[in-house]
Every structure is written in C-alpha cells, then in structure tokens.
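Asker:
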Amino acid sequence: MRIFITGGTGLIGSAIVKNLIAHDHHVIALARSDISKNKLITAGATPIPGDITRPEKWCADLPDIDAAIHTACDFSDAMAQMDATLLDHLIPALTRPKQHHSDPVRFIYTGGNWMYPQTNTTATSPGVMTAVNETTPFDPLPEFLWGLTGIERVLSAANLAGIVIHPSCVYDTGDKGQSGILARDIETAQTDNRVTLVGGDDIYQPMVHADDIADLYRLALEQAKPGESYIGSAINDVSTRDVAELIATHFGSENCQIDTISTDDAMARYGNWARGLAHNQQLSSAKAMQDLGWSPRHTDFAADMARHAKTIAKLGPNSRC
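Be aware that the sequence shown starts at -19, since it is given in the numbering used here, and climbs by one per residue.
And the structure:
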C-alpha cells in the first residue's frame, strides 16, 4: 500500500515508518524541517514538505494514496485547534475521487489511554482492577478532550474508512537512545541522580513498546474493518513506583533519590498534560489480539530497562534519551 503518515519522525511515527517499510509498504511522510526530511529519507520513506499547523499548504497536493496514519501530536494547549484545522483539510483531501481505485482511503487516527477513565477496583475483589476495554465509555482528561472530537470526525466521515488506535504509554529501547515517556526520568537519573514519582506508590500506568504498537498500527491498516477501534497495551502490572526504582537502579548512581510529588505539582512543573502521569489504569488488548493477531514481544519491563541501560551506555555521555 501507499501510505501517508504525519509525525513520521516522532516516537510512535518513526517506529511505524520502519515497520511499514520492512513489510514492503511505500511510505510517504510529512516533514516540517530538513532534519525530519533527512531522517525519513534515511529510513526509506518519501518526504513531503509541510507542517500540521499549515495543512492548507500541502493537503491539496497529496499524491494518490491507499491509506493514511495520523500520529503527529504535541502536549501544548494549541493542539486542539491544530488537530481540528488539520482534519478540516486532511479529511477532504483523503475523500476526493481517486484515479486508480474506488475504495475509500483507510485512515488511522491516534487516540490514547488518557481518553479513558481511571480504573476502579472491583467491589468483590478489593485491590483488583477491572480492565478498560473498547466498550468502556470515554472520559478523557480535560487536556485531551480534543481527541474525542477527532475520533468522532474520523469515524463518521463519509467515504473514509476510519480506524482508531489507542496506544497506552509508549516507551522505546531503540539504538538511538529514545525512551519515550521514560526519557525525562532517565535523564535526571543520569544527570542529577534523581527520579520523580508523580502521585504516589499505588499508580499503575499501562505501557507498550514503540515496536509493538507499530505492529498494531500495521495490522490494523492491513486487516481492521472500518469503524473499529483497538487498544494497544502490553504491560499492566508494573506500578509507577516499580518504574522509578528500575530507572534509579539502571540509570542512576548509588543512592539515587526518588522524589514523590503531587499531581498538581507535576502539572505546574511540566504542563497540564502531566495530570495523566497519575492516571491509574489497567487496559485490555484482548480485542486486538483476537481480531488482528497482535502479539506484543516486549512484556518484561525490567528486562527492557536492563537492555536499554546497556544501549545508552554504548552510545556514550552525549546521547539523548
């Protein structure tokens, strides 16, 4: 397939680009800078100059494609307007008549675990959480309410085969030193011998490795029925305290400090999006596994952290997490 992707040099997007090309798909990706352009060329993708903040500059000139994947996102307050404006131009571009086929373009939109409510413990089994799945009603964090609007627009658009993927918290252990949601704490462990724990010890954040979530995007692109949504989560049983201790052990020095801060303090320090760092959840990916045959390989988080520490050590002190 000829596939267009936004955010193709980001954490999720770069893993998707690599995965699609490895499975013989032709990838066309948006590049807002020469650095992004060169990264995409090196990966084997075809770059299109453009920025999601100015879709009117490039949407009308999109080449004929079979599918599109939207992963571009930042955590600024401007994201709601940026995403709305992008869809204002991208959806018409994807639904215009195609020359070589009449099938609707397949369009994967990215949601996320913070679109769903926190997980409550069951009344019959105190301390046991009931996993969120695709039938759970949305209850997005206020900072991500715009994603609900985007989901509704994509799934309801005429002549568009809309599909939604909800990644859990994404991390990476790649050879470039990327770490995703773990990057900040790995960096402070290395530089300040300190890790920050948000909200307390009894918080569980579902996680997924970038390579595994990339597999899910590809499988959905190839197999999912239009209108379907899938949760992508591979690790549910590691608390944020466990994560902090593993980072301190593998990336800090002796007596690495773990500082606990409140959710309000985290929001003041990092931005309102940090409310999600104390969002207690367990997610079920049974639907993705059953319908699409998704089988995540990274399910041992402790082992991943040990391997990642060795990778970063090989990259040297100037590597970025």
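The beta carbon of each residue, even a glycine, is placed where N, CA and C say it ideally should be.
Work out the CA separation of GLN170 and ALA103 for me, nearest whole Å.
Answerer: Here residue 103 is taken as the residue at index 123 of the sequence shown, counted from 1. Here residue 170 is taken as the residue at index 190 of the sequence shown, counted from 1. Low per-residue confidence applies at ALA103: pLDDT is 42, beneath 50, and the placement is therefore not dependable enough to give any value.
Asker: Under three-state DSSP, which class holds PHE281?
Answerer: As a first step, residue 281 must be located in the sequence shown, where it is residue number 301. Of the three classes helix, strand and coil, the one that applies to PHE281 here is helix, per DSSP.
Asker: Apart from the five residues on each side of it in sequence, which residues of its chain come closer than 8 Å, Cβ to Cβ, to THR279?
Answerer: Locating residue 279 in the sequence shown gives position 299, counting from the first residue. Answer for THR279: ALA214 and ILE215, listed in chain order.
Asker: Can you find at least 3 beta carbon pairs, one from the region 27 to 43 and one from the region 218 to 226, that sit closer than 8 Å?
Answerer: Short answer: they don't touch.
Asker: Could you check what DSSP says for MET187 in three-state terms: helix, strand or coil?
Answerer: As a first step, residue 187 is located in the sequence shown; it is residue number 207 there, counting from the start. It is a strand residue.
Asker: Using C-beta distances below 6 Å, list every residue in its chain close to ASP181, excluding the 5 sequence neighbours before and after it, in chain order.
Answerer: As a working note, residue 181 is residue 201 in the sequence shown. So the qualifying residues of the chain are ARG221.
Asker: Looking only at its own chain, which residues have a Cβ that is under 8 Å from the Cβ of PRO106, when we skip the five neighbours before and after it?
Answerer: For this step, residue 106 is matched to residue 126 along the sequence shown. Note that PRO106 has pLDDT 47, beneath the 50 cutoff, so the model's placement of it is unreliable and no number is given.
Asker: Which one or two residues does DSSP pair with ASP239 in a beta bridge?
Answerer: As a first step, residue 239 is located in the sequence shown; it is residue number 259 there, counting from the start. Looking at the DSSP assignment, ASP239 forms a beta bridge with THR176.
Asker: Could you pull out every residue in the same chain whose Cβ sits closer than 6 Å to the Cβ of ALA254, ignoring the five residues on either side in sequence?
Answerer: Taking the sequence shown and counting its residues from 1, one reaches residue 254 at position 274. Answer for ALA254: ALA246 and MET247, listed in chain order.
Asker: Is the distance from the Cβ of ALA204 to the Cβ of LEU272 below 8 Å?
Answerer: Translated into positions along the sequence shown, residue 204 becomes position 224. Translated into positions along the sequence shown, residue 272 becomes position 292. Yes.
Asker: Who pairs with HIS146 in a beta bridge, going by DSSP?
Answerer: In the sequence shown, residue 146 corresponds to position 166, counting from 1. DSSP lists ILE211 as partners of HIS146.
Asker: Between which residues of its own chain and ALA40 is the CB-CB distance below 7 Å, once the five residues before and five after are set aside?
Answerer: Sequence index remark: in the sequence shown, residue 40 carries index 60 (1-based). Answer for ALA40: ALA73, listed in chain order.
Asker: If you compare alpha carbons, which of ILE166, HIS69, ASP57 and GLY(-12) is closest to ALA289?
Answerer: Numbered from 1 along the sequence shown, position 309 holds the residue referred to as residue 289. Measuring from the Cα of ALA289, the nearest candidate turns out to be ILE166.
Asker: Using only the alpha-carbon positions, how far apart do THR(-14) and ILE161 sit?
Answerer: Taking the first residue of the sequence shown as 1, we reach residue -14 at position 6. Taking the first residue of the sequence shown as 1, we reach residue 161 at position 181. In a straight line, the C-alpha of THR(-14) is about 20 Å away from that of ILE161.
Asker: Taking C-beta to C-beta, are ILE(-17) and VAL7 nearer than 8 Å?
Answerer: Residue -17 sits at position 3 when you count from the first residue of the sequence shown. Residue 7 sits at position 27 when you count from the first residue of the sequence shown. For ILE(-17) and VAL7, yes; Cβs fall inside 8 Å.
Asker: Just curious, the alpha helix (DSSP H) that THR220 is in, first and last residue?
Answerer: As a working mapping, residue 220 is identified with position 240 in the sequence shown. Looking at the DSSP string, the run of the alpha helix (DSSP H) that includes THR220 is 220 to 231.
Asker: Under the rule that 16 or more other beta-carbon atoms within 10 Å means buried, what is HIS146, buried or exposed?
Answerer: For the purposes of this step, residue 146 is taken as the residue at position 166 of the sequence shown. Flag for HIS146 reads buried.
Asker: Which residues bound the alpha helix (DSSP H) around THR129?
Answerer: Within the sequence shown, residue 129 is the residue found at index 149, counting from 1. From DSSP, the alpha helix (DSSP H) with THR129 extends over 125 to 136.
Asker: Give every residue of the same chain whose Cβ lies closer than 6 Å to the Cβ of ASP83, excluding the five residues on either side of it in the sequence, and list them in chain order.
Answerer: In the sequence shown, the residue the question calls residue 83 occupies position 103. So no residue of the chain qualifies.
Asker: DSSP beta-bridge partners for VAL(-3)?
Answerer: Here the question's residue -3 lines up with position 17 in the sequence shown. Answer is none; VAL(-3) lacks a bridge partner.
Asker: Do you know whose CA, among PRO117, LEU135 and THR99, lies nearest GLY256's CA?
Answerer: Mapped onto the sequence shown, residue 256 falls at position 276. Cα-wise, what sits closest to GLY256 is THR99.
Asker: With 8 Å as the threshold, decide whether the Cβ of LEU74 is near any Cβ in chain B.
Answerer: Going by chain labels, chain B is absent from the structure shown, which holds only one protein chain.
Asker: Measure from the alpha carbon of GLY(-12) to the alpha carbon of each residue in LYS17, SER275 and ASP4, then state which is nearest.
Answerer: By one-based count along the sequence shown, residue -12 stands at place 8. That would be LYS17, whose Cα lies nearest to the Cα of GLY(-12).
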